[in-house]
Structure formats: structure tokens, C-alpha cells
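Trainee: Those protein sequences? They're chains A and B, same order as listed. Here my numbering runs 53 ahead of the position in the first sequence, where the first position is 1. Here my numbering runs 53 ahead of the position in the second sequence, where the first position is 1.
Protein chains: 2
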Amino acid sequence: MKPKLSLVTLGVSDLDRSRRFYEALGWEPQDWTPESKVVFFELNGVMLSLFGRDDLAEDVGVEATRSTGFSSITLAHNEPSIDDVDRAFNEFISAGATAVKTPQATAWGGYSGYVADPDGHLWEVAFNPFSDWT
Amino acid sequence: MKPKLSLVTLGVSDLDRSRRFYEALGWEPQDWTPESKVVFFELNGVMLSLFGRDDLAEDVGVEATRSTGFSSITLAHNEPSIDDVDRAFNEFISAGATAVKTPQATAWGGYSGYVADPDGHLWEVAFNPFSDWT
């Protein structure tokens, strides 16, 4: 099948809070109205969607049991320089993210930090000197 | 900041097994060698990376505690028709995915199923008649 990731859906406990968090990064919801049960952001080729955690579990067909432990999945927003990483990291924090790891040099030769969104979904903010994925 | 998702990283317990799983979908790793500690797939504008679960936790700076409960995050691969969803769902199963939800009509007017990859990461395979994200 075609190598394609169409959509990443984050289950959230408070849809309004999460929408405002991502809007505070300067990202604009697509076709959003106050009645929307799902919020879409077009992230340059892939969609990010926010959906109630219980609704998402119901769609998958599993119980919405509380998650504990390390989630084992991270999203990354890359920037073209170290300074840009610091700026974007601070924008995440200003939007209400929780700092998980202050941006720093990495073992793989890049520079990155981690934040958590209001539901704990992990975002890496990274500069990769070898691959421009910005 | 720019609305951009650069990379989705899946923490995996067996890097070879996970690489072979995604290769079995017909996806080709980028710049992979047997010594690679991370495996990248270019998914049409966003990178998917596979990384050891413990290594990922270390990079984030958290304990690699076992995750339980509903993960609250799903990835979606969209297809342009119902028949294509059925075919792609079967390709996932043939590759070794676990069936979570057989493809079926959805409440939102589309058609989708869910599978889990070898580490339980959830993929939706979907046809969306309203938005072509294929």
C-alpha cells in the first residue's frame, strides 16, 4: 500500500482546552465550529485531529481505561536551527505545555527538547542538522 | 510556529520485527543498514520512525515504565474507496497486525477499521468520503 500517514488523532479529555492550546501555537483549525466534535489542523501534508478520549476509544472499539506508564509514541516538530528550537519550545510553554526536557544537544548530533500537551501527549521540538524535515 | 508535524516516533520492543512488519506493507526504510538504531519511513510528507522503546524513553528523559490502558492516540492510513480499505486492512493483517475492529461503516459517514502493530500501536484504515487525505 502507499506509504502514507493521513492523520494523527489525539484523544483528549477537554476538547476546548486542547483546541485552544494548539491555536495558541498559531495553528488554525480547519472548518471548525463551536459544535464540532472533532478538531482538525492541517500540518503541511498530514492532519492532526483532536477527539474526545472516550469518543476515540469508542471508535476503536475498546474501553477508555486510564493510561499509565510510558506511552511509547512521540510527535516531533522540527525547526531549522537551534535558536528556532528554543523559540518554538518557549511558544509551546507559553501555550500551556509542560516542559519535559529542556532543549539540549542530543546523542545523535542534533538539538532537541520535549514538552507535553494538556493530556500528556509528547512533542519533541528538534533541530536535525542531517535532515531538513521542517 | 509553522503548522508542521515532522516525525512520528514509535517506541518498539524489537526493532527488527517492527521494521519487517512495516516493510511487509511495501514501505521501504530510508538509508537503513543492519547497524541502524532507528528506522525511518518517508510517508508522503511526514516521517515515521521506529526506535527502541527504552531508547525513546531515555531520549525523552523518563522511565520506560510499562504502559497500560488506552493509549489515546491513533494513526490513520486513508484509502480512496471502501474496497481499498478492505484491501489495505488485509495487507496489515498479512503483515502480522492484530485486527482490532473489522472495517465497517462509521457514525461519521465513512468506513474504517483498526489494527494494532506488533507493539500495539493503533492504525486506523479509513475511507473518508468528505476529505481526500490519501
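Even glycine gets a Cβ: it sits at the ideal position worked out from N, Cα and C. All figures in this text were calculated on a predicted structure; none of them were measured in a lab.
Using the beta-carbon of each residue, which ones in chain B are nearer than 7 Å to Gly79/A?
Mentor: Numbered from 1 along the first sequence, position 26 holds the residue referred to as residue 79/A. Correct list: Met54.
Trainee: Taking Phe142/B as the reference, give the member of Leu109/B, Ser89/B, Ala77/B, Ser120/B with the closest Cα.
Mentor: Numbered from 1 along the second sequence, position 89 holds the residue referred to as residue 142/B. Cα-wise, what sits closest to Phe142/B is Ala77/B.
Trainee: So which residues of chain A does Phe123/B contact, with C-beta pairs closer than 7 Å?
Mentor: Position 70 of the second sequence, counted from the start, is the residue given in the question as residue 123/B. Residues of chain A passing the Cβ test: Ala110, Val115, Glu116, Ala117, Thr118, Ser120.
Trainee: Since Val99/A contacts Ser147/A with CB under 8 Å, what's their CB separation in whole angstroms?
Mentor: Mapped onto the first sequence, residue 99/A falls at position 46. Mapped onto the first sequence, residue 147/A falls at position 94. So it is not a contact: roughly 24 Å between Cβ atoms.
Trainee: Looking at the unbroken alpha helix (DSSP H) that takes in Leu68/B, where does it start and where does it end?
Mentor: Walking along the second sequence from the start, residue 68/B turns up at place 15. Residues 68-76.
Trainee: Give me whichever residues DSSP pairs with Phe145/B in a beta bridge.
Mentor: Against the second sequence, residue 145/B aligns to sequence position 92. DSSP, once it has assigned bridges, lists no residue as partnering Phe145/B.
Trainee: Under a CB-based cut-off of 8 Å, is Gly98/B close to chain A?
Mentor: As a position in the second sequence, residue 98/B is number 45, starting the count at 1. Yes, Gly98/B counts as interfacial toward chain A.
Trainee: Our contact map puts Trp176/A next to Val168/A with C-beta atoms below 8 Å; I'd like the distance itself, whole angstroms only.
Mentor: By 1-based counting over the first sequence, the position of residue 176/A is 123. By 1-based counting over the first sequence, the position of residue 168/A is 115. Correct: roughly 5 Å between the Cβ atoms.
Trainee: I'd like the span of the alpha helix (DSSP H) that includes Ala117/A, first residue to last.
Mentor: Translated into positions along the first sequence, residue 117/A becomes position 64. Neither: Ala117/A is in no alpha helix (DSSP H) and is coded neither H nor E.
Trainee: If the criterion is Cβ atoms closer than 8 Å, does the pair Val61/A and Val153/B meet it?
Mentor: Within the first sequence, the letter at position 8 stands for residue 61/A. Within the second sequence, the letter at position 100 stands for residue 153/B. No, these two residues do not count as a Cβ contact at 8 Å.
Trainee: How would you call Thr127/A, buried or exposed, if buried means at least 16 neighbouring beta carbons within 10 angstroms?
Mentor: Position 74 of the first sequence holds residue 127/A. When all chains shown are included, Thr127/A counts as buried.
Trainee: Under a CB-based cut-off of 8 Å, is Ala150/A close to chain B?
Mentor: Position 97 of the first sequence, counted from the first residue, corresponds to residue 150/A. So no, Ala150/A is outside the interface.
Trainee: Mark Arg73/B as exposed unless 16 or more other C-beta atoms lie within 10 angstroms of its C-beta, in which case mark it buried.
Mentor: As a position in the second sequence, residue 73/B is number 20, starting the count at 1. Burial call: exposed.
Trainee: Give me the DSSP bridge partner(s) of Pro82/B.
Mentor: Locating residue 82/B in the second sequence gives position 29, where the first residue counts as 1. According to DSSP, Pro82/B bridges with Phe94/B.
Trainee: Name the chain A residues that come within less than 9 Å of Gly64/B, Cβ to Cβ?
Mentor: Here residue 64/B is taken as the residue at index 11 of the second sequence, counted from 1. Per Cβ cutoff of 9 Å: Phe123, Ser124, Ser125, Ile126, Thr127.
Trainee: Who are the neighbours of Asn143/B on chain A, taking C-beta pairs under 9 Å?
Mentor: As a first step, residue 143/B is located in the second sequence; it is residue number 90 there, counting from the start. Correct list: empty, because the minimum Cβ distance to chain A is about 10 Å.
Trainee: Whole angstroms are fine: how far does the CA of Pro156/A sit from the CA of Pro87/B?
Mentor: Counting from 1 along the second sequence, the entry for residue 87/B is found at position 34. Counting from 1 along the first sequence, the entry for residue 156/A is found at position 103. Distance between the alpha carbons of Pro87/B and Pro156/A: 30 Å.
Trainee: Nearest chain B C-beta to Glu95/A closer than 8 Å, yes or no?
Mentor: Translated into the one-based positions of the first sequence, residue 95/A becomes position 42. Yes - at least one Cβ of chain B is within 8 Å of the one on Glu95/A.
Trainee: In whole angstroms, give me the CA-to-CA distance for Gly149/B and Asn131/B.
Mentor: In the second sequence, the residue the question calls residue 149/B occupies position 96. In the second sequence, the residue the question calls residue 131/B occupies position 78. The alpha-carbon atoms of Gly149/B and Asn131/B are separated by roughly 19 Å.
Trainee: Quick one: which chain B residues come within Cβ less than 8 Å of Val153/A?
Mentor: The residue labelled residue 153/A in the question sits at position 100 within the first sequence. The answer, in chain order, is Val113, Gly114, Val115.
Trainee: Cβ of Ser59/A less than 8 Å from any chain B Cβ?
Mentor: Residue numbering aside, residue 59/A sits at position 6 when the first sequence is read from its first letter. Yes, Ser59/A lies at the interface with chain B (some Cβ there is under 8 Å from its Cβ).
Trainee: Arg106/B: buried (16+ other C-beta within 10 angstroms of its C-beta) or exposed?
Mentor: The residue labelled residue 106/B in the question sits at position 53 within the second sequence. Arg106/B should be labelled buried.
Trainee: Can you name the residues of chain B whose CB is closer than 9 Å to the CB of Trp186/A?
Mentor: Sequence index remark: in the first sequence, residue 186/A carries index 133 (1-based). By Cβ distance, chain B contributes Lys57, Ser59, Leu60, Val99, Met100.
Trainee: For His239/A, report the span of its beta strand (DSSP E) as first-last.
Mentor: The question about residue 239/A has no answer here: the residues shown for chain A are numbered 54 through 187.
Trainee: Distance cutoff 8 Å, beta carbons only. Does Tyr164/A sit that close to anything in chain B?
Mentor: Position 111 of the first sequence, counted from the first residue, corresponds to residue 164/A. Not an interface residue.
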